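Protein chains in written order, with UniProt numbering: chain A, 1 to 233; chain B, 1 to 233. By construction, the Cβ of each residue, glycine as well, lies at the ideal position given by its N, Cα and C atoms. In this text the structure is predicted, and so the values were computed from the model without any measurement.
There are 2 protein chains.
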Amino acid sequence: MTTLSHPFEQFAERVLPSTLGEDVRCGFHMLARCHPLAREASLDFAERSEQIVFVVRGATKLVAHASESRDQVVAFHFAGEVFTVPEPDNYSYSVCALRECELLTFASPEFLRLAEGEAEIMRQLLDSTKLSLRRCREKTIALGRKTAGERVAVFLLGMARRIGVEQDGRVALELPMSRRDISESLGLTIETVSRQLSKLKDDGVIETTGRSGIVLLDCPDLQRRAGFLKRTA
Amino acid sequence: MTTLSHPFEQFAERVLPSTLGEDVRCGFHMLARCHPLAREASLDFAERSEQIVFVVRGATKLVAHASESRDQVVAFHFAGEVFTVPEPDNYSYSVCALRECELLTFASPEFLRLAEGEAEIMRQLLDSTKLSLRRCREKTIALGRKTAGERVAVFLLGMARRIGVEQDGRVALELPMSRRDISESLGLTIETVSRQLSKLKDDGVIETTGRSGIVLLDCPDLQRRAGFLKRTA
DNA sequence: GCGCGGCATTGATCTGGATCAAGGAGTTCA
DNA sequence: TGAACTCCTTGATCCAGATCAATGCCGCGC
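Right, here's the structure in full:
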């Protein structure tokens, strides 16, 4: 990845087809808003229309505000991902930086007007929306039917697939989110998440280093603890 | 609505643009599979690719199977709606008829190949996927952060908007799903749902008639009980 | 390096909703 | 129209995870 290129270039390379006409490309460029975000800073779209967000660099959480001091982390998103922030209705949503971050945002109606004729972009948008939907449904299953231990196992396996580094069977993770973020994502409390992680450590399934480092020592065991369907291999 | 027309006609009228070429339209027709479903019958896509489903008539639930006897109702869908059933991964999904039903299904990859050049259809598909995503996120918030009482209130208000009949301030509902379906949707037990409904009845917020009839007498009160953000009117 | 502040862990207690266990009321079908 | 089945409601008890309360430890700033 060319780390020093302009944010829009990164977006274009990832999302826009190379055959795209210069005028349309320019339209997207005009529409793009760049947001450098410090750690813990958040983007609030309270008054605005649906937004399309591209994570140029860093890691983010999409948070829904149910009421004072009751936030639900709806999703985590990492560099290179595209996602949609709904306009506020029963809840208001905001995007918060887990680490220092660079985001590109587009007002959705204008984006769609530009993209409508471009089959490739529409396809990309549909794909990323379907990916979000799939993840959200899996979260629904976890929150509706799983125990604390299962939820934590599901979380670790999901993060391993997305940001893990495999090395001889083990997977090393550098979690960008705090225990609070994890608990607000899993519908648990900080204490319960901590206890479950301690239990996994005691059982020799994971190792932790500092606050954010986790090594998954036994993924098959975690898989069993996650309460997934038995793979009908 | 012309109740006796062929299922595919209903789909075409709702989803396909009137300007669509006869050959493409014919392609969709070839791809469509019609499924008349009796009450409680379900369509299982265990071995197949992602599916696009159109509800011609009736009411359905999308169910995820987490493990034996632990099902989560991911969504309800009513006549005229389009939704996507993911291909099985950690969970397997099925669509189940709440009442006698008629469904039209399409294998997603083939559908997309046909739709790719048709901006209007892609737009519709994106819109219905975003609607599913929005509802799924709201469910996530409910399951992650809300009490039993709040979840039931959210459920009733949601159903009121979708299948309620308003008459002088009250909203009459004829729920097509059982208490079990509701509990599996809200991540609760049958008993808890029943108790919460009884409480609402005692408090004069709703009235029930038979097993499936519910009248919402005081929607503002329900709104308060749902634990939504205060509307910053 | 060292001390400070916030995050994480660990322990003790409490509680909302699950589970277990009967009854009661709607539907259906003879 | 009534018998039987299924679904729903209501009550009693239990428990996973929340809440309350210290303590410990990492990481930053000086």
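- Task: Can you check the segment 95-128 of chain B for any alpha helix (DSSP H) of at least 4 residues that lies completely inside it and give the ranges in chain order?
- Result: Entirely contained in the segment 95-128 of chain B, the alpha helix (DSSP H) runs reaching 4 residues are, in chain order, 108-115.
- Task: Buried or exposed for glutamine 51 (chain A), please, with buried defined as at least 16 other CB atoms from any protein chain shown within 10 angstroms of its CB.
- Result: Answer is buried; the Cβ neighbour count reaches 16.
- Item | Extent of the continuous beta strand (DSSP E) run through histidine 29 (chain A) | No beta strand (DSSP E) contains histidine 29 (chain A), which is instead part of the alpha helix (DSSP H) from 22-31.
- Task: Can you tell me the Cβ-Cβ gap for glycine 80 (chain A) and arginine 14 (chain A), rounded? I've got them flagged as a contact below 8 Å.
- Result: That pair is a contact at about 6 Å.
- Task: To the nearest angstrom, report how far apart threonine 60 (chain A) and valine 73 (chain B) are at their CA atoms.
- Result: Cα-Cα distance, rounded: 29 Å.
- Does DSSP classify phenylalanine 45 (chain A) as helix, strand or coil? In this structure, phenylalanine 45 (chain A) counts as coil in the three-state DSSP scheme.
- Item | Residues of its chain near phenylalanine 105 (chain B), where Cβ-Cβ distance is below 6 Å and the 5 sequence neighbours each way are ignored | The sequence given here has threonine at residue 105 (chain B), not phenylalanine. So the qualifying residues of the chain are Arg33, Gln51 and Val53.
- Message: Counting only Cβ-Cβ distances shorter than 7 Å, please list the residues of the segment 109-126 of chain B near chain A, keeping chain order.
- Response: Result list: Glu116, Gly117, Ala119, Met122, Arg123, Leu125 and Leu126.
- Report the residue from B:Ile121, B:Gly213 and B:Lys130 whose alpha carbon sits nearest the alpha carbon of serine 18 (chain B). In terms of Cα proximity to serine 18 (chain B), the closest of B:Ile121, B:Gly213 and B:Lys130 is B:Ile121.
- Query: So which residues of chain A does glycine 187 (chain B) contact, with C-beta pairs closer than 8 Å?
  - Reply: Listed along chain A, the residues sitting closer than 8 Å to glycine 187 (chain B) by beta-carbon distance are Leu143, Gly144 and Arg145.
- Item | beta strand (DSSP E) runs contained entirely in the segment 136-174 of chain A, provided each spans 3 or more residues | You should have 165-167 and 170-174.
- Message: Any beta carbon of chain B sitting closer than 8 Å to that of lysine 139 (chain A)?
- Response: Yes, contact with chain B.
- Message: Can you find the residues in the same chain that come closer than 6 Å, C-beta to C-beta, to glycine 164 (chain A), ignoring five residues on each side of it along the sequence?
- Response: Result list for glycine 164 (chain A): Val171 and Leu173, in chain order.
- Short CB-CB distance (under 8 Å) between cysteine 136 (chain A) and chain B: Yes - at least one Cβ of chain B is within 8 Å of the one on cysteine 136 (chain A).
- Could you tell me which residues DSSP pairs with arginine 57 (chain A) in its beta bridges? DSSP, once it has assigned bridges, lists A:Glu102 as partnering arginine 57 (chain A).
- Message: By the DSSP assignment, the alpha helix (DSSP H) with serine 8 (chain B) in it spans what residues?
- Response: In the sequence as displayed, the identity of residue 8 (chain B) is phenylalanine instead of serine. Segment 7-15, the alpha helix (DSSP H) holding phenylalanine 8 (chain B).
- Message: Once DSSP output is grouped into helix, strand and coil, what is the label at proline 36 (chain A)?
- Response: Proline 36 (chain A) sits in a strand when the DSSP states are folded into three classes.
- Message: Tell me which residues share the same chain as phenylalanine 111 (chain B) and place their Cβ nearer than 7 Å to its Cβ, disregarding the 5 neighbours each side in the sequence.
- Response: Hits under 7 Å: Leu31 and Ile52.
- Item | Three CB pairs or more closer than 8 Å across the segment 198-217 of chain A and the segment 87-101 of chain B | Contact between the segment 198-217 of chain A and the segment 87-101 of chain B is absent, because fewer than three Cβ pairs lie under 8 Å.
- Message: Please return the same chain residues whose Cβ sits closer than 7 Å to the Cβ of leucine 222 (chain B), not counting the five positions on each side in sequence.
- Response: Once the five neighbours on either side are set aside, the close Cβ partners of leucine 222 (chain B) are Ala153, Leu156, Leu157, Val205 and Leu216.
- Under 8 Å, do alanine 66 (chain A) and arginine 151 (chain B) count as touching if we go by C-beta distance? With respect to the 8 Å criterion, alanine 66 (chain A) and arginine 151 (chain B) are not classified as neighbours on the basis of their beta carbons.
- Query: What is the DSSP secondary structure of serine 212 (chain A), reduced to helix, strand or coil?
  - Reply: The answer is coil: DSSP assigns serine 212 (chain A) none of H, G, I, E or B.
- Task: Specify the secondary structure class of glutamine 51 (chain A) as computed by DSSP and reduced to three states.
- Result: Here glutamine 51 (chain A) sits in strand by DSSP.
- Inter-residue spacing [alpha-carbon to alpha-carbon] between threonine 2 (chain B) and glutamate 191 (chain A): Confidence is the limiting factor: at threonine 2 (chain B) the pLDDT is only 44, short of 50, which leaves the residue's position unreliable and the question unanswerable from this model.
- Message: Going by beta-carbon coordinates alone, are residue 257 (chain A) and threonine 84 (chain A) separated by less than 8 Å?
- Response: This structure does not reach residue 257 (chain A), given that chain A is present from 1 up to 233, and the question cannot be answered.
- Item | Same chain, Cβ closer than 6 Å to arginine 224 (chain B), five either side skipped, listed in chain order | Around arginine 224 (chain B): no qualifying Cβ.
- Expressed to the nearest angstrom, what Euclidean distance is found between the alpha-carbon atoms of valine 56 (chain A) and arginine 99 (chain A)? Rounded to whole angstroms, valine 56 (chain A) and arginine 99 (chain A) show a C-alpha spacing of 12 Å.
- Query: Using the beta-carbon of each residue, which ones in chain A are nearer than 7 Å to serine 132 (chain B)?
  - Reply: Think of a sphere of 7 Å around the beta carbon of serine 132 (chain B): the chain A residues whose beta carbon falls inside it are Leu133, in chain order.
- Query: Between which two residues does the alpha helix (DSSP H) containing threonine 192 (chain A) stretch?
  - Reply: Taken as a continuous stretch (DSSP letters only), the alpha helix (DSSP H) holding threonine 192 (chain A) covers 190-202.
- Query: Where DSSP assigns a beta bridge to tyrosine 93 (chain A), which residues make up the other side?
  - Reply: According to DSSP, tyrosine 93 (chain A) bridges with A:Ala64.
- What residue does the beta strand (DSSP E) around aspartate 71 (chain A) start on, and which one ends it? For aspartate 71 (chain A), the enclosing beta strand (DSSP E) begins and ends at 70-78.
- Message: Taking the straight line between their C-alpha atoms, what separation do you get for lysine 201 (chain B) and aspartate 127 (chain A)?
- Response: In a straight line, the C-alpha of lysine 201 (chain B) is about 44 Å away from that of aspartate 127 (chain A).
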